[in-house]
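Each remark here refers to the structure printed beneath this line.
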Ligand SMILES: Nc1ncnc2c1ncn2[C@@H]1O[C@H](COP(=O)(O)OP(=O)(O)OP(=O)(O)O)[C@@H](O)[C@H]1O
Ligand SMILES: [Mg+2]
């Protein structure tokens, strides 16, 4: 199977994701928790964005709203220019299944299915034939360096391996954007580093965009941009990720 071309997403100048004036609150008893208080964000094709901020700042909430799992109270989420509030339930489900790929802190794999089947399932739900789904699942698992673990069920995998299967599963329907909520948060530092390395490689290779919540400052620094949630608003931080490094070099040369 042709790998890079097979995995590449369509080139487009329309931003993969735009959030405009997004607000989200929760009501807990008599208290109102204003978690997102007017979020504007644009993520371009191929951009890898780290989402940081203290615990409780609203990172997961922002990812849920972006992933169309929760609707904003105000504002709009645009995916490739399409406003999500105009989408009916079927379209929203299709977007979640095919436009977006999700990776969670816990792998959330189906325990009764093996690694290969876990990566086949979303493809078959999206209408792919079993044989093609199996071929592409095997291709993705090889990319994740799991060629010899395809028949293992989640309980027979290490934490890092299970998380790599979860990444393969998130890529199964060739999404345009990957949303990850502390994808290496439950792993030890060395495993976290290697899983994150694989994640970055595959995102770069496929030209995917990614929004990744992380508490790990070193991992955040390896992305193109770093944004922080504070008091319900987003703040752009300096990063020495790819674009940051270019900016740094330019500053250095100019001086
Ligand atoms: N369903 C809910 N009902 C009420 N409050 C909620 C709900 N979900 C989240 N919250 C509150 O909203 C705030 C933001 O939560 P969120 O999970 O988005 O934070 P986070 O930045 O992801 O934190 P962490 O780094 O610990 O994962 C928290 O104060 C949380 O208690
Ligand atoms: Mg969270």
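Numbering (this note's numbering), first residue to last: 749 to 1003.
The beta carbon of each residue, even a glycine, is placed where N, CA and C say it ideally should be.
- In this chain, the alpha helix (DSSP H) harbouring residue 917 covers 907-919.
- Listed in chain order, the non-local C-beta contacts of residue 895 below 6 Å within the same chain number zero, local neighbours out to five positions each way being set aside.
- What you get when you keep residues with a C-beta closer than 7 Å to any heavy atom of ligand 2 is 807, 808, 929, 930, 961.
- The alpha-carbon separation between residue 855 and residue 773 amounts to approximately 27 Å.
- With respect to the C-alpha of residue 780, the residue from 906, 771, 862 having the closest C-alpha is 771.
- In this structure, DSSP gives residue 850 an extended state, which the three-state scheme calls strand.
- Leaving aside the five residues that flank residue 932 on each side, the residues in its chain whose CB is nearer than 6 Å to its CB run, in chain order, 940, 943, 944.
- The region 975-987 and the region 780-792 touch, with three or more beta-carbon pairs separated by less than 8 Å.
- Secondary structure remark: continuous beta strand (DSSP E) runs of at least 3 residues inside the region 757-807, in chain order: 765-776, 779-791, 796-800.
- For residue 925, no alpha helix (DSSP H) segment is defined; the enclosing uninterrupted segment is the beta strand (DSSP E) at 925-929.
- For the pair residue 801 and residue 879, the Cα-to-Cα distance works out to about 43 Å.
- Residue 915 and residue 892 do touch by the CB rule: their CB atoms are close to 6 Å apart, below 8 Å.
- Put simply, the backbone Cα of residue 917 is about 13 Å away from that of residue 874.
- At the C-beta level, residue 927 and residue 864 stay beyond 8 Å of one another.
- Taking the C-beta atoms as reference points, residue 799 is found nearer than 8 Å to residue 959.
- Between residue 845 and residue 870, the C-beta spacing is below 8 Å.
- Residue range 957-961 is occupied by the beta strand (DSSP E) that includes residue 958, with no alpha helix (DSSP H) assigned at that position.
- With respect to residue 936, residue 808 sits apart: the two C-beta atoms are not nearer than 8 Å.
- Cα atoms of residue 884 and residue 973: separation of roughly 31 Å, rounded to the nearest angstrom.
- When distances are taken from the beta-carbon of residue 852 to the heavy atoms of ligand 1, even the shortest one reaches 7 Å or more.
- Taking the Cβ atoms as the reference, residue 920 lies roughly 7 Å from residue 888, within the contact range of under 8 Å.
- Straight-line measurement puts the Cα of residue 899 at about 42 Å from the Cα of residue 824.
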